[in-house]
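For the protein sequence lines, the chains are A and B, in the order given. The first sequence begins at 1 in this note's numbering and counts up one residue at a time. The second sequence begins at 142 in this note's numbering and counts up one residue at a time.
There are 2 protein chains.
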Amino acid sequence: MNGGAIKRSLENVGLRCTAQRYAVMAFLTDHKGHPTAAEIFAAVNHVDPLSSRATTYNNLRDLVKAGLVREVAVEGRAGRFDLRGLRHHHFICDRCGSVEDMEWYDVPRPRSGFLGKRVVRECQIVFRGLCTKCAPRRTSR
Amino acid sequence: MNGGAIKRSLENVGLRCTAQRYAVMAFLTDHKGHPTAAEIFAAVNHVDPLSSRATTYNNLRDLVKAGLVREVAVEGRAGRFDLRGLRHHHFICDRCGSVEDMEWYDVPRPRSGFLGKRVVRECQIVFRGLCTKCAPRRTSR
DNA sequence: AGCGTCTTTAGAGTATATCTAATTTGATAT
DNA sequence: ATATCAAATTAGATATACTCTAAAGACGCT
Chain A
1 MNGGAIKRSL
11 ENVGLRCTAQ
21 RYAVMAFLTD
31 HKGHPTAAEI
41 FAAVNHVDPL
51 SSRATTYNNL
61 RDLVKAGLVR
71 EVAVEGRAGR
81 FDLRGLRHHH
91 FICDRCGSVE
101 DMEWYDVPRP
111 RSGFLGKRVV
121 RECQIVFRGL
131 CTKCAPRRTS
141 R
Chain B
142 MNGGAIKRSL
152 ENVGLRCTAQ
162 RYAVMAFLTD
172 HKGHPTAAEI
182 FAAVNHVDPL
192 SSRATTYNNL
202 RDLVKAGLVR
212 EVAVEGRAGR
222 FDLRGLRHHH
232 FICDRCGSVE
242 DMEWYDVPRP
252 RSGFLGKRVV
262 RECQIVFRGL
272 CTKCAPRRTS
282 R
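Here's what the structure looks like:
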């Protein structure tokens, strides 16, 4: 995603293209490894203080709400973020908490009638287990 | 799950049946609403202080590791727990964070070959959206 | 330029979870 | 029964992750 594309995608969802928001989007564009909010906060301020902690968290929340960014919750650890560009599922490592992308495929919908008044926004598959790095040494925690 | 069954299931996975563990399992048996660790801690100590915070958290972690209990991570909120008795998927409400059970159905596996050295322990579908209570009033946040 | 709104800020505050080191408990062997 | 020792528990401090507050600043519109 280049500069103009980031600006346009922000404006498409009704968010101003501020330096702070731009930096978050740019960082996620360049770093596909599902960073945590703390990592994004640190990276954005690495060179020169640009964005306070509150702003980073607020912007991540706004971007998630707007549908540009996805958050993956990980048990007992900080949530991780990625761009919602290409559809994909996630693999979460039990041992190190890292999140990896899995190729997308369609998920069967629940029986209609089950949902009732619920409004489904999205549907995700999460695989759990040991990642490529952790699988060899199966030591427990 | 009655008393004996709880004791047996603990012993099956190599955990002693202590009063504190028993209380956690019994609470989860009686309360299907996916309580948080804090709620379980409070409930177990409601009548008569029985279990410290650390023990409650340790036991929940041990029970998850042993496969008796499942944790559902929720973005920006406390994780929620349930018994791994019947297989089911989960619905998480964007607005109130509550977790509801969805009927189980099989999930297609990823293309073999994709996984590489990864070891998959489980695979879960998570639906997100607005629950029955929150759907009517669609106020933001 | 003036106006109203959206955005950002620093730092305190809250919620959640883990750690520490001493003590107690419970299963097993004697 | 009792001794033994690893497993389990404890209170409370500490760490981590996130949110709130009130004031100031920036943006887009006229």
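Where a beta carbon is used, it is the ideal one built from N, C-alpha and C, also for glycine.
Cutoff 8 angstroms; reference residue i; Cβ partners in own chain excluding five residues on either side
{"i": "Glu-103(A)", "result": "His-88, His-89"}
{"i": "Ala-78(A)", "result": "Thr-36, Ala-37, Ala-38"}
{"i": "Val-74(A)", "result": "Arg-80, Ile-92, Gly-97, Val-99"}
{"i": "Arg-111(A)", "result": "none"}
For residue i, three-class secondary structure by DSSP
{"i": "Asp-223(B)", "result": "strand"}
{"i": "Glu-216(B)", "result": "coil"}
{"i": "Thr-29(A)", "result": "helix"}
{"i": "Asp-247(B)", "result": "coil"}
{"i": "Thr-273(B)", "result": "coil"}
{"i": "Val-69(A)", "result": "strand"}
{"i": "Arg-95(A)", "result": "coil"}
{"i": "Val-120(A)", "result": "strand"}
{"i": "Phe-127(A)", "result": "strand"}
{"i": "Asp-242(B)", "result": "strand"}
{"i": "Thr-196(B)", "result": "helix"}
Inter-residue CB distance, residue i and residue j (contact presumed, cutoff 8 angstroms)
{"i": "Val-213(B)", "j": "His-175(B)", "result": "7 angstroms"}
{"i": "Val-260(B)", "j": "Val-126(A)", "result": "That belief does not hold up - the Cβ atoms of Val-260(B) and Val-126(A) are roughly 15 angstroms apart, past 8 angstroms."}
{"i": "Thr-273(B)", "j": "Gly-116(A)", "result": "6 angstroms"}
6 angstroms CB neighbourhood of residue i in its chain, flanking five on each side removed
{"i": "Glu-122(A)", "result": "none"}
{"i": "Asp-223(B)", "result": "His-175, Arg-211"}
{"i": "Asp-242(B)", "result": "His-229"}
Cut-off 7 angstroms between Cβ atoms - residues of its own chain near residue i, not counting five sequence neighbours on either side
{"i": "Asn-59(A)", "result": "Gln-20, Arg-21, Val-24"}
{"i": "Gly-67(A)", "result": "Val-13, Arg-84"}
{"i": "Val-107(A)", "result": "Cys-123, Ile-125"}
{"i": "Asp-94(A)", "result": "Arg-128, Gly-129, Leu-130"}
Closer than 9 angstroms at the beta carbon, the chain B residues around residue i
{"i": "Leu-130(A)", "result": "Lys-258, Arg-259, Val-260, Val-261, Arg-262"}
Under 8 angstroms by beta carbon: chain B residues contacting residue i
{"i": "Arg-84(A)", "result": "Residues of chain B passing the Cβ test: none, with the nearest at roughly 13 angstroms."}
Residue i: contacting residues in chain B (beta-carbon distance under 7 angstroms)
{"i": "Val-107(A)", "result": "Ile-266"}
{"i": "Ala-66(A)", "result": "Neighbours of Ala-66(A) on chain B: none; closest Cβ ~11 angstroms, over 7 angstroms."}
Residues that residue i contacts on chain A, provided the C-beta gap is smaller than 9 angstroms
{"i": "Gly-220(B)", "result": "Ala-73, Glu-75, Gly-76"}
{"i": "Arg-252(B)", "result": "Glu-103, Tyr-105"}
8 angstroms Cβ cut-off: residues of chain A touching residue i
{"i": "Asp-235(B)", "result": "Arg-121"}
{"i": "Ala-276(B)", "result": "Lys-117, Arg-118, Val-119"}
Chain A contact residues for residue i, given Cβ-Cβ distances below 7 angstroms
{"i": "Phe-232(B)", "result": "Arg-118"}
| said: Under 8 angstroms: do the stretch 155-173 of chain B and the stretch 196-208 of chain B share three or more Cβ pairs, one atom per stretch? | reply: yes
| message | Quick test of the definition: if touching needs 3 or more C-beta pairs under 8 angstroms, does the stretch 197-215 of chain B touch the stretch 164-171 of chain B? | response | yes
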